[in-house]
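Protein chains in written order, with our numbering: chain A, 10 to 259; chain B, 10 to 259.
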DNA sequence: CGTGATTTTGAGATCATTCAACGGGCGTGG
DNA sequence: CCACGCCCGTTGAATGATCTCAAAATCACG
């Protein structure tokens with residue numbers, strides 16, 4: 010759980026090598042990279058390092074000076090804040106293609122840790138800011154992503170403040186499938202990478218209540234749990250009905 | 010509580026008239042206007058309308074197409090979302106100088122209502138976008154405000170998910186004083202414009218629990234309540250200790 | 001196949017909610 | 001000017017739901 014050093018290597022120089030990395034990247038059309046046409050993607054590659062982290066490893070720590078921003082290319086991250094007495098709130102889970110560092114200014118406002126083995130593109134803040142200054146499309150995309158993150162945080166406020174445990178869990182499952190779908194990832198049998206503790210810390214519950222809520226959804230026939238981390242959504246509309254939150258049907 | 014029509018008038022033309030309005034505005038240095046020097050503020054005035062709304066009146070409605078954005082110049086607004094069964098979550102209260110429309114994209118994600126008599130500057134989205142395109146400073150300021158809003162939403166997530174009622178209330182009072190201070194408004198005896206119901210809907214509690222939490226803070230000698238809507242913070246450090254959330258001591 | 005971590009289930013305790021009543025402030029109307 | 005009613009906030013009592021504590025069951029890993 011300690012901060013691990015950079016183990017990455019600079020991208021090899023040369024336009025061919027550059028265009029290959031990003032061109033074949035699985036999140037090319039999802040992340041901020043989508044703002045740049047193939048011809049310009051080399052600018053991003055030039056300031057990029059790749060990085061791998063193992064489950065539980067801490068990528069950035071709350072309160073540390075913000076020197077890097079990231080794009081998650083595979084795996085999953087959790088963004089969390091801690092209270093002195095150990096209570097934890099997971100503000101968000103990051104999916105491949107998501108950008109890390111949207112809310113932060115001079116210092117990181119949240120801790121980022123890997124939920125599962127993950128790979129990222131890392132950028133020095135200075136480099137990214139310079140690139141944003143020269144690329145309006147990139148800047149606009151980051152701005153749009155920030156607005157979306159704010160919208161999702163507002164949804165989360167409703168979830169945390171006004172929903173009952175079962176409603177929270179149903180909403181969480183639906184929101185996760187929606188995001189996975191958008192990111193072009195499998196979502197029919199929903200693979201939950203995070204632990205029950207993580208889910209509890211995201212929904213403002215205890216692990217026992219999360220587990221009981223899973224059981225309730227199971228008993229109602231809305232989901233099936235072939236494994237603890239595999240959720241088969243049997244009745245999506247029924248799940249939406251208990252969720253309370255209005256989930257877009259896209 | 011119904012949507013009221015525009016009762017405002019276009020700004021009178023002429024550079025003199027323009028510069029007077031904003032130049033003497035009390036939130037000139039707080040709002041997005043601060044991004045523009047006095048010489049350029051006329052561009053903002055040219056696309057601006059002023060507007061007044063009464064307590065309880067609805068300015069914008071969740072789900073409606075986003076055609077206007079606003080700067081609050083006096084009073085207070087609440088941003089809320091509703092569940093079909095009537096449950097409500099107030100995501101944020103807006104103070105003079107705050108911008109309304111940061112998170113929204115094509116449609117408004119939240120309802121905005123006046124907590125007290127309020128005045129605003131109104132801008133057509135099209136006009137504002139055009140101005141943003143021509144004024145990097147304005148655009149950057151809006152981006153910075155969005156990031157800050159996201160940070161505050163994350164703080165709110167912690168508050169809603171992991172704090173006990175008394176901690177929530179203590180945090181709320183401290184965060185409000187901090188914001189009032191930043192906005193150059195009186196905050197020593199804290200004037201709460203919103204009702205107990207609003208506070209409850211913001212903290213994810215019932216009004217009874219809010220009231221009881223006030224009483225607890227009173228009994229502990231941390232605050233005094235000369236009136237129900239006037240909070241005298243007697244022991245700020247004690248309040249911070251109860252809050253749990255780390256409140257900057259600026 | 002055993003060991004430890006994770007998840008699930010159970011029982012009791014705690015705390016916020018619900019339901020109810022009381023009191024104060026304010027505006028209206030007599 | 002006072003009385004009345006309404007809205008809002010506070011307080012009380014009891015319910016109920018989640019949390020806490022505890023144990024069993026399942027899973028992951030070596």
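Quick reminder that beta carbons are idealized off the backbone N, C-alpha and C, glycines included.
1. With a cut-off of 8 Å, do at least 3 Cβ pairs link the region 65-72 of chain A to the region 173-186 of chain A?
2. DSSP state of residue 87 of chain A, grouped into three classes?
3. May I ask you to report which of helix, strand or coil DSSP gives residue 100 of chain B?
4. On a Cα-Cα basis, can you pick out the residue from B:64, B:48, B:169 and B:38 that is closest to residue 108 of chain B?
5. By Cβ distance below 8 Å, which residues in the same chain neighbour residue 251 of chain B in space, the five residues on each side in sequence not counted?
6. By DSSP, does residue 240 of chain A sit in helix, in strand, or in coil?
7. Strictly below 9 Å CB to CB, what residues from chain A border residue 152 of chain B?
8. Is residue 297 of chain B close to chain A? Criterion is C-beta to C-beta, closer than 8 Å.
9. Please state if the CB of residue 199 of chain A and the CB of residue 284 of chain A are separated by a distance shorter than 8 Å.
10. Just curious, the alpha helix (DSSP H) that residue 148 of chain B is in, first and last residue?
11. Can you tell me which of the three DSSP states residue 34 of chain A falls into?
12. Skipping 5 residues on each side, what residues in its chain have a beta carbon closer than 6 Å to that of residue 244 of chain A?
13. Residues of chain B with CB under 7 Å from residue 67 of chain A, in chain order?
14. How would you call residue 11 of chain A, buried or exposed, if buried means at least 16 neighbouring beta carbons within 10 angstroms?
15. Let me know if residue 156 of chain B comes out buried or exposed under the rule of 16 or more other beta-carbons within 10 Å of its beta-carbon.
16. Residues of chain B with CB closer than 7 Å to the CB of residue 260 of chain A, please, in chain order.
17. Step through the CB atoms of chain A and report whether any lies within less than 8 Å of the CB of residue 188 of chain B.
18. List in chain order: all unbroken beta strand (DSSP E) runs of 3+ residues lying wholly within the region 174-237 of chain A.
19. Using a Cβ-Cβ cut-off of less than 9 Å, list which residues of the region 189-211 of chain B approach chain A; keep chain order.
20. Using the C-alpha atoms, what's the distance from residue 99 of chain B back to residue 207 of chain B?
21. Please report the residue range of the beta strand (DSSP E) in which residue 129 of chain A lies.
22. Please report the straight-line C-alpha distance between residue 117 of chain A and residue 53 of chain A, rounded to a whole angstrom.
23. Applying the criterion that 16 or more other CB atoms from any shown protein chain within 10 Å of the CB defines a buried residue, is residue 105 of chain B buried or exposed?
24. If you measure between the beta carbons of residue 85 of chain B and residue 103 of chain B, is that distance less than 8 Å?
25. Skipping 5 residues on each side, what residues in its chain have a beta carbon closer than 6 Å to that of residue 74 of chain B?
26. Just to confirm my understanding: we take residue 36 of chain B, look at its own chain, exclude 5 residues before and 5 after, and list those with CB closer than 6 Å. What are they?
27. By how many angstroms is the C-alpha of residue 210 of chain B removed from the C-alpha of residue 223 of chain B?
28. Do you know how far the Cα of residue 216 of chain B is from the Cα of residue 205 of chain A?
29. Suppose you measure from the CA of residue 150 of chain B to the CA of residue 44 of chain B; what does that come to, to the nearest Å?
30. Return no unless some Cβ of chain B is closer than 8 Å to the Cβ of residue 58 of chain A.
31. Would you please state the rounded distance, in angstroms, between the beta carbons of residue 78 of chain A and residue 137 of chain A? I believe it to be under 8 Å.
32. Mind checking who residue 45 of chain B pairs with in its DSSP beta bridge?
33. What residues from chain B crowd round residue 160 of chain A, counting only those whose CB sits closer than 8 Å?
34. Give the interface partners of residue 247 of chain B over in chain A, defined as CB-CB distance under 9 Å, in chain order.
35. When DSSP labels each residue in this structure, what does residue 50 of chain A get in the three-state scheme?
36. Could you give the first and the last residue of the continuous alpha helix (DSSP H) run that contains residue 248 of chain B?
The answer reads as follows:
1. Output reads no: the region 173-186 of chain A does not touch the region 65-72 of chain A.
2. On the first chain, residue 87 of chain A is found 78 positions in, with the first residue counted as 1. Residue 87 of chain A carries a strand assignment under DSSP once its states are collapsed to helix, strand and coil.
3. Here residue 100 of chain B is taken as the residue at index 91 of the second chain, counted from 1. Residue 100 of chain B: strand per DSSP, three-state reduction.
4. For the purposes of this step, residue 108 of chain B is taken as the residue at position 99 of the second chain. When the alpha-carbon of residue 108 of chain B is set against those of B:64, B:48, B:169 and B:38, the nearest one is in B:38.
5. In the second chain, counting from the first residue as 1, residue 251 of chain B sits at position 242. Hits under 8 Å: 175, 176, 179, 226, 229 and 231.
6. Numbered from 1 along the first chain, position 231 holds the residue referred to as residue 240 of chain A. Secondary structure at residue 240 of chain A: strand, using DSSP grouped into helix, strand and coil.
7. Position 143 of the second chain, counted from the start, is the residue given in the question as residue 152 of chain B. Neighbours of residue 152 of chain B in chain A, taken as residues at a C-beta separation under 9 Å, are given in chain order as 148, 151, 152 and 155.
8. Outside the displayed range of chain B (10 to 259) lies residue 297 of chain B, so it cannot be described from this structure.
9. The requested residue 284 of chain A is not part of the displayed model; chain A covers only 10 to 259.
10. The residue labelled residue 148 of chain B in the question sits at position 139 within the second chain. Its alpha helix (DSSP H) spans residues 145-171.
11. Position 25 of the first chain, counted from the start, is the residue given in the question as residue 34 of chain A. Three-state DSSP puts residue 34 of chain A in coil, outside helix and strand.
12. As a position in the first chain, residue 244 of chain A is number 235, starting the count at 1. 231, listed in sequence order.
13. Within the first chain, the letter at position 58 stands for residue 67 of chain A. Simply none; closest approach about 18 Å.
14. Walking along the first chain from the start, residue 11 of chain A turns up at place 2. Only weak support exists for where residue 11 of chain A lies, its pLDDT of 43 falling under 50; the coordinates are left without a value.
15. Counting from 1 along the second chain, the entry for residue 156 of chain B is found at position 147. By the neighbour-count rule (16 or more Cβ atoms within 10 Å), residue 156 of chain B is buried.
16. Here chain A comprises residues numbered 10 to 259, so residue 260 of chain A is not present and cannot be evaluated.
17. Numbered from 1 along the second chain, position 179 holds the residue referred to as residue 188 of chain B. Not one chain A Cβ lies under 8 Å of residue 188 of chain B.
18. Taking only runs of at least 3 residues, the beta strand (DSSP E) segments lying wholly in the region 174-237 of chain A are 198-200 and 232-236.
19. Under the 9 Å Cβ criterion, the region 189-211 of chain B contributes 210 and 211.
20. Against the second chain, residue 207 of chain B aligns to sequence position 198. Against the second chain, residue 99 of chain B aligns to sequence position 90. In this structure, the CA atom of residue 207 of chain B is about 7 Å from the CA atom of residue 99 of chain B.
21. Within the first chain, numbered from 1, the residue matching residue 129 of chain A stands at position 120. Annotation for residue 129 of chain A: the continuous beta strand (DSSP E) segment containing it runs 120-133.
22. On the first chain, residue 117 of chain A is found 108 positions in, with the first residue counted as 1. On the first chain, residue 53 of chain A is found 44 positions in, with the first residue counted as 1. Near 22 Å, if we compare the C-alpha coordinates of residue 53 of chain A and residue 117 of chain A.
23. To locate residue 105 of chain B, count along the second chain from 1; it is residue 96. Burial of residue 105 of chain B is indicated by the presence of at least 16 other C-beta atoms within 10 angstroms of its C-beta.
24. Within the second chain, residue 85 of chain B is the residue found at index 76, counting from 1. Within the second chain, residue 103 of chain B is the residue found at index 94, counting from 1. By the CB criterion at 8 Å, residue 85 of chain B and residue 103 of chain B fall inside the cutoff.
25. Sequence index remark: in the second chain, residue 74 of chain B carries index 65 (1-based). Cβ neighbours of residue 74 of chain B beyond the five flanking positions: 116.
26. For the purposes of this step, residue 36 of chain B is taken as residue 27 along the second chain, with counting starting at 1. If the five residues before and after residue 36 of chain B are omitted, its C-beta is found closer than 6 Å to the C-beta atoms of 82, 105 and 106, all from its own chain and listed in chain order.
27. Reading the second chain from its first residue, position 214 is the one you call residue 223 of chain B. Reading the second chain from its first residue, position 201 is the one you call residue 210 of chain B. Approximately 15 Å between the Cα atoms of the pair.
28. Locating residue 205 of chain A in the first chain gives position 196, where the first residue counts as 1. Locating residue 216 of chain B in the second chain gives position 207, where the first residue counts as 1. Computed Cα separation, rounded: 32 Å.
29. The residue you call residue 150 of chain B lines up with position 141 of the second chain. The residue you call residue 44 of chain B lines up with position 35 of the second chain. So the two alpha carbons sit approximately 6 Å from each other.
30. Here residue 58 of chain A corresponds to residue number 49 of the first chain, with the count starting at 1. No, residue 58 of chain A does not count as interfacial toward chain B.
31. For the purposes of this step, residue 78 of chain A is taken as the residue at position 69 of the first chain. For the purposes of this step, residue 137 of chain A is taken as the residue at position 128 of the first chain. The pair is a contact, with the Cβ atoms about 6 Å apart (cut-off 8 Å).
32. In the second chain, residue 45 of chain B corresponds to position 36, counting from 1. The partner list for residue 45 of chain B (beta bridge, DSSP) is empty, contrary to what the question assumes.
33. Locating residue 160 of chain A in the first chain gives position 151, counting from the first residue. Neighbours of residue 160 of chain A on chain B, chain order: 112, 113, 114 and 118.
34. Working through the second chain from its first residue, we reach residue 247 of chain B at position 238. Among the residues of chain A, none has a CB under 9 Å from the CB of residue 247 of chain B; the nearest is roughly 16 Å distant.
35. The residue labelled residue 50 of chain A in the question sits at position 41 within the first chain. The answer is helix: DSSP assigns residue 50 of chain A an H, G or I state.
36. Position 239 of the second chain, counting from 1, holds the residue named residue 248 of chain B. Note, residue 248 of chain B: alpha helix (DSSP H), 245-252.
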